[in-house]
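J.: The numbers in UniProt numbering rise by one with no breaks, and the one at position 319 of the sequence shown is 319.
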Amino acid sequence: MSENLLTRLMSLDGPASISFNSNVNINIWEDTVVLFSEYLNQLTVLLDLTDKKTSVTVTDIALKKAIESVQMTWVTMKPPVGQITEEVANKMPLTDTEISMFRKAATEYIKLMMWNVRNDCVFFPLEDNSFKDLKYKLGVLASVLKLDLWEEKFFIKEELSRLILRKIKTDTSKWAEINLKLIESKIEKDNVVPESENLCELLNKVIGHCTPVGTITCFLKTFGIDYYSHVSLTIDSHISKKAKQLMLEMDKYQKKYYRISANITTSSKVSLRLYITLRKLCNIMKGNFSQREQFLLVIANYQTWFLESLIHWLMTFKVECQSRMSRALEMDKDIVLVTYMLKFSNSSVDVLSCFASITQEWREIDYNNADVAMMAITKITDLICDSVKFYAEKIHTILRNNRYYDEQVHHFDVNDQLCITLNNIQHVSSYLDCLKHDLEWEKTAAAMSELHDSEEIGEKCLNTLNRLIDNCKEEIAMKSELLVQEVVGRMSRDIRRKMDLLTRKDWKKSSSSDPLKQYLQRNMATLQQCLHESVYSLMVQELWQTSIKIMEQQMMVGQLPDYYQILYRHLRTLRIFFLSHREQLNVHCDVSRHIEERLTLNSETTQELMLQYLSKLCQDLKTPEEDYGQVALKAGYISETHGYVTIYVKVINAKDLPGLDTTGFSDPYVVITLQPRMLFQNLRSQKTKIITRTLNPVFNSSFQFHNVLSELLKKQGAAVQILVYDYDKLKRDDFVGEAVIPLSSIPQLNGNALAFERTPGIILPLKRPSMAEGPLKVLQERSQKDSDAKEFLNERQNLFNNQRKRTDGNKNYNALKFLLEY
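Encoded structure:
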């Protein structure tokens with residue numbers, strides 16, 4: 001019956017493919033149960049024979065086949081749901097005796113195999129070949145333990161687990177001790193660096209041995225062993241002790257050789273490599289434990305072993321960064337274009353790569369202590385800022401060495417190499433905007449706030465970092481502007497030559513600006529094509545300002561208005577030209593406004609310039625710095641026929657005049673004039689009588705100016721000029737002071753001259769004018785070619801040049817006192 005049943009089973013796809021339905025006879029399932037009992041008894045006999053010295057040799061192959069038969073039949077032995085009655089279920093073939101016999105035989109077999117575990121099995125390290133060997137030796141044992149015929153807890157399995165665990169720890173410790181002994185350097189002195197390098201190599205092997213492999217984990221789980229957690233804990237006790245010891249020696253080494261940069265650089269690189277390797281190992285070992293168990297690992301505190309080394313890492317970062325930049329620039333001295341679209345050279349790419357390496361290494365360091373991390377981030381940020389400035393300075397040196405600043409060169413054109421050099425600074429400085437993200441400022445600042453329980457601390461840290469970046473950007477912007485100024489300065493010689501046509505030689509021709517525009521067009525096309533947008537913007541702005549500065553410098557003075565009007569048209573032409581190259585150009589900068597004001601002023605007629613000057617005198621309400629007295633007077637006008645008016649002026653008195661004679665007194669008189677004389681050519685000046693030996697003369701003198709066009713009363717700048725003089729018999733009369741009244745402020749008298757006596761008087765402080773910029777300056781320049789300008793200027797210069805010092809001492813101005821006295 002068994003043979004027929006086995007034939008039927010083997011004809012199917014496999015034991016697991018046997019299924020039941022309502023049409024299958026229940027006897028088939030009962031036969032399968034009987035077959036399982038037979039296979040189990042066979043396995044029990046084989047296990048029992050393995051432990052006895054008989055002529056029968058039981059091989060592992062036979063045991064494996066027997067176990068497989070039991071396992072396969074066990075799978076097919078599940079009864080059909082709903083078809084097994086209680087009577088059938090009670091006819092199970094496995095009696096207590098059979099199970100007991102199996103457990104006894106299996107226990108003896110396990111005891112026998114425990115000898116192999118002690119003496120013939122290696123549990124660390126488990127690599128491909130060693131694991132295959134272990135699995136071959138313990139494969140049957142694992143299969144026996146997997147059979148679901150044991151009690152929930154049985155002593156022999158626990159004993160086997162303890163044995164394997166001890167063997168794992170022993171093998172791991174032995175391996176660690178041997179390999180740690182091998183890394184010791186034969187150098188008797190200063191051996192910490194080579195030993196640290198050797199430890200890094202060993203740690204890389206340990207990382208491989210501690211990284212979980214699923215097949216190894218599952219196999220040893222059969223024996224109740226969490227293999228990788230025990231291996232990690234054992235290896236940790238050896239590795240951590242050695243690593244900590246080496247870092248203490250490294251600290252001593254670096255203190256000893258802190259003045260020798262080569263030693264510090266080498267040792268820092270080695271210690272950083274050791275740190276990164278320990279970090280990888282620590283993360284792998286932590287993964288072999290639950291969160292609650294990770295405190296068992298000594299290596300979890302590895303960051304505290306590198307506090308002293310961290311400072312040297314940062315120093316090494318800076319030295320290596322600047323060294324790498326210098327090498328890159330040296331190789332890049334001929335300014336080779338990387339790609340046409342990128343518009344910068346290899347050196348800037350290499351520098352940015354260096355910056356990225358530093359920030360990447362910091363992220364790999366991943367320091368947990370917020371205080372230490374913030375200190376390091378601040379130093380790295382400062383380091384990169386210094387490196388950007390260092391690079392910009394080196395660019396200056398390259399340009400200087402390539403004679404870009406050589407003023408002896410007669411002609412200068414912008415070329416691709418120069419543009420690329422300027423772009424490099426902008427390209428390198430752009431990395432400053434990446435530091436906030438790459439160095440995780442906000443994350444570290446938040447950790448600082450949490451550590452010190454203060455949000456203010458985190459904000460202060462961020463402010464410090466941002467300030468470092470802002471200061472660096474400002475300095476780089478100044479450096480870039482200086483470079484741009486140097487380049488434009490080199491172009492200025494050509495600009496001057498071509499501007500000379502526009503301002504001097506051919507200024508009347510509308511085409512005189514063409515040579516200048518052609519030169520600028522050629523160079524600005526290169527600039528626009530090759531320069532970075534931000535640098536191009538600076539360059540165009542500087543070119544615009546330099547061009548109009550040169551235009552103003554070369555502009556002839558003292559010309560007639562038509563010269564300046566044409567020059568203004570040339571200026572507008574240049575403005576349109578520059579705007580066509582850069583719409584956002586600030587064409588109304590201070591330099592531009594200044595030349596426009598100057599051209600506008602010089603374009604005015606002589607009469608208009610006089611009126612502007614007099615208007616400023618009328619509007620000058622500032623209290624004089626020195627008191628030259630006051631004059632009281634009345635003024636008004638009466639309308640006449642045919643659009644004319646008569647202007648009445650009465651000089652009442654003067655107060656607190658300065659003494660100009662040797663006696664300390666003066667002999668004052670007043671001159672009344674309508675200004676500018678060009679508008680009042682038929683009206684002569686009028687003057688009062690001379691009052692001798694007084695500083696407070698009373699005049700009560702009235703004057704009339706007939707046939708004044710009424711429209712001139714509204715003319716801005718037209719005024720009544722009051723000049724006070726000190727009479728001198730032997731020399732020219734001394735000028736005391738001046739006051740002006742705008743004609744537009746004179747009131748109209750009601751009908752006749754009698755109304756003039758009832759008109760309120762006015763008090764004006766006397767002032768001593770000085771030569772000033774503006775309209776008077778233009779009149780002075782124009783006086784060589786314009787007789788009216790010359791006459792007006794001579795009148796004013798007589799006042800400027802005839803200002804004698806007072807002989808009665810300086811007095812402060814007191815208009816209130818004068819008013820009360822009046």
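Yeah, the Cβ is synthetic: ideal placement off N, Cα and C, and Gly gets one too.
Note that this is a predicted model, so its numbers are computed, not measured.
Please report how far the alpha carbon of residue 664 lies from the alpha carbon of residue 808, in whole angstroms.
T.: If I take the Cα positions, the gap works out to 5 Å.
J.: Count Cβ pairs between the segment 308-325 and the segment 265-272 that sit closer than 8 Å; are there 3 or more?
T.: Verdict: yes, contact present.
J.: With a threshold of 8 Å on Cβ separation, who are the neighbours of residue 117 within its own chain once the five nearest residues in sequence on each side are excluded?
T.: Answer for residue 117: 138, 160, 163, 164 and 167, listed in chain order.
J.: Just checking my contact of residue 428 with residue 391 at CB under 8 Å: how many whole Å lie between their CB atoms?
T.: About 5 Å; that satisfies the 8 Å criterion.
J.: According to DSSP, is residue 632 helix, strand or coil?
T.: Residue 632 falls in the strand class under three-state DSSP.
J.: Answer with buried or exposed for residue 684, where buried requires no fewer than 16 other C-beta atoms within 10 angstroms of its C-beta.
T.: Exposed: under 16 other Cβ atoms inside 10 Å.
J.: Short of 8 Å in beta carbon distance, which residues of its chain neighbour residue 522, apart from the five on each side in sequence? Order them along the chain.
T.: The answer, listed in chain order, is 413.
J.: Give a yes or no on whether the C-beta atoms belonging to residue 532 and residue 343 are separated by under 8 Å.
T.: Their beta carbons are under 8 Å apart, which means residue 532 touches residue 343 by this criterion.
J.: Between which two residues does the alpha helix (DSSP H) containing residue 828 stretch?
T.: Nothing can be reported for residue 828, as the shown portion of the chain is limited to 1 through 822.
J.: Compare the beta carbon distance of residue 307 and residue 381 with 8 Å and say whether it is the shorter of the two.
T.: Result no, Cβ atoms of residue 307 and residue 381 do not sit closer than 8 Å.
J.: Just curious, the beta strand (DSSP E) that residue 655 is in, first and last residue?
T.: That run of the beta strand (DSSP E) goes 644-655.
J.: Would you call the segment 465-482 in contact with the segment 420-437, where contact means no fewer than 3 C-beta pairs closer than 8 Å?
T.: With a cut-off of 8 Å, the segment 420-437 and the segment 465-482 count as touching, because enough Cβ pairs lie within range.
J.: Pairing CB atoms from the segment 700-716 with CB atoms from the segment 641-661, are three or more of them under 8 Å?
T.: At 8 Å Cβ cutoff, the stretches touch.
J.: When burial is assigned at 16 or more other CB atoms within 10 Å of the CB, is residue 102 buried or exposed?
T.: Buried, since its Cβ has 16 or more Cβ neighbours within 10 Å.
J.: Where does residue 377 land, buried or exposed, given buried means 16+ other C-beta within 10 angstroms?
T.: Its Cβ being crowded by 16 or more others within 10 Å, residue 377 is buried.
J.: Quick one: grab the DSSP three-state call for residue 344.
T.: Correct three-state label for residue 344: coil.
J.: For the alpha helix (DSSP H) containing residue 573, name the first residue and the last one.
T.: 561-581 is the extent of the alpha helix (DSSP H) around residue 573.
J.: Taking just the CA atoms, how far does residue 620 sit from residue 657?
T.: Going from the Cα of residue 657 to the Cα of residue 620 covers about 20 Å.
J.: Can you tell me where the alpha helix (DSSP H) holding residue 148 begins and where it ends?
T.: Premise fails: residue 148 is in no alpha helix (DSSP H) and is neither H nor E.
J.: Which value, in whole angstroms, describes the spacing of the CA atoms of residue 761 and residue 572?
T.: Computed Cα separation, rounded: 50 Å.
J.: State the Cα-Cα distance for the pair residue 354 and residue 321, rounded to the nearest angstrom.
T.: One C-alpha to the other measures close to 6 Å.
J.: Inspect the beta-carbon positions of residue 782 and residue 605 and report whether they are closer than 8 Å.
T.: No, the pair does not count as a contact, with Cβ atoms beyond the cut-off.
J.: For the pair the segment 115-133 and the segment 167-180, tell me if three or more CB-CB distances fall below 8 Å.
T.: Because the criterion of three Cβ pairs below 8 Å is met, the segment 115-133 and the segment 167-180 touch.
J.: Are three or more beta carbon pairs between the segment 226-240 and the segment 273-293 nearer than 8 Å?
T.: Yes: the two stretches touch, three or more of their Cβ pairs being nearer than 8 Å.
J.: Buried or exposed for residue 806, going by 16 or more other Cβ atoms inside 10 Å?
T.: So residue 806 ends up on the buried side.
J.: Among the candidates 184, 718, 694 and 250, whose CA atom is the shortest distance from the CA of residue 629?
T.: Comparing Cα-Cα distances from residue 629 to each of 184, 718, 694 and 250, the minimum goes to 694.
J.: Helix, strand or coil: how does DSSP classify residue 70 here?
T.: Of the three classes helix, strand and coil, the one that applies to residue 70 here is helix, per DSSP.
J.: Between residue 732 and residue 794, which are expected to be in contact by the criterion C-beta below 8 Å, what is the C-beta distance as a whole number of angstroms?
T.: Going by Cβ atoms, the distance from residue 732 to residue 794 rounds to 14 Å, so no, they are not a contact pair.
J.: According to DSSP, is residue 543 helix, strand or coil?
T.: Helix.
J.: Would DSSP call residue 214 helix, strand or coil?
T.: If DSSP states are grouped into helix, strand and coil, residue 214 belongs with the helices.
J.: Measure the CB-CB distance between residue 636 and residue 775 and report whether it falls below 8 Å.
T.: No, the pair does not count as a contact, with Cβ atoms beyond the cut-off.
J.: If you draw a straight line from the alpha carbon of residue 64 to that of residue 174, how long is it in whole angstroms?
T.: Their backbone Cα atoms lie some 33 Å apart in a straight line.
J.: How far does the beta strand (DSSP E) with residue 125 in it reach, from first residue to last?
T.: No beta strand (DSSP E) holds residue 125; DSSP gives it neither H nor E.
J.: Counting beta carbon pairs with one atom in the segment 198-209 and one in the segment 273-283, are three or more of them shorter than 8 Å?
T.: Yes, since at least three Cβ pairs between the segment 273-283 and the segment 198-209 fall closer than 8 Å, the two stretches touch.
J.: Are the beta-carbon atoms belonging to residue 145 and residue 135 less than 8 Å from one another?
T.: No.
J.: Can you give, in chain order, each stretch of the alpha helix (DSSP H) that sits fully within the segment 457-533 and has at least 4 residues?
T.: Entirely contained in the segment 457-533, the alpha helix (DSSP H) runs reaching 4 residues are, in chain order, 514-530.
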